[in-house]
Amino acid sequence: MAYAWKVTVKSPWKKYVKGLSVQVVTTSCGKPTSKEIFDAFKNQLGIEKESGANPSFDIEKIK
Numbered sequence: 001m002a003y004a005w006k007v008t009v010k011s012p013w014k015k016y017v018k019g020l021s022v023q024v025v026t027t028s029c030g031k032p033t034s035k036e037i038f039d040a041f042k043n044q045l046g047i048e049k050e051s052g053a054n055p056s057f058d059i060e061k062i063k
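End of the sequence shown sits at 63 in the UniProt record's numbering; the numbers just go up one at a time, nothing left out.
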């Protein structure tokens, strides 16, 4: 079964501005991994992950 999540940037970091969001689909019922989140930003918005700290995200399950 697939689960859909809305991932929104909570605190800005480099190209990741506050409020920017993507949808992530996972096959597990747990929240998406960092890799899945950054892959979604790359595929949907063209934003590559840069080295260094990570932005914080708000992750909510889409019903």
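For each residue, glycine too, the CB sits at the ideal point set by N, CA and C.
In DSSP terms, what residue i is bridged to
i         : result
residue 7 : 22, 59
Spatial distance of residue i from residue j (CA atoms)
i          : j          : result
residue 49 : residue 2  : 25 Å
residue 18 : residue 55 : 9 Å
residue 46 : residue 15 : 10 Å
residue 30 : residue 6  : 13 Å
Pair within 8 Å by beta-carbon distance, residue i and residue j
i          : j          : result
residue 24 : residue 37 : yes
residue 28 : residue 8  : no
residue 72 : residue 40 : The structure shown has nothing for residue 72, since the chain only spans 1 to 63.
Rounded Cβ spacing between residue i and residue j (contact assumed at less than 8 Å)
i         : j          : result
residue 4 : residue 59 : With 8 Å as the limit, residue 4 and residue 59 do not qualify as a contact, their Cβ atoms being about 11 Å apart.
6 Å Cβ shell around residue i - same chain, five flanking residues per side excluded
i          : result
residue 32 : 5, 24, 26
Contacting residues, own chain, Cβ-Cβ under 8 Å from residue i (five flanking each side not counted)
i          : result
residue 57 : 7, 8, 9, 10, 37
Residue i beta carbon near the ligand NAD (any heavy atom closer than 7 Å)
i          : result
residue 23 : Only the bare structure without any ligand can be found here, which leaves the ligand NAD out of the picture.
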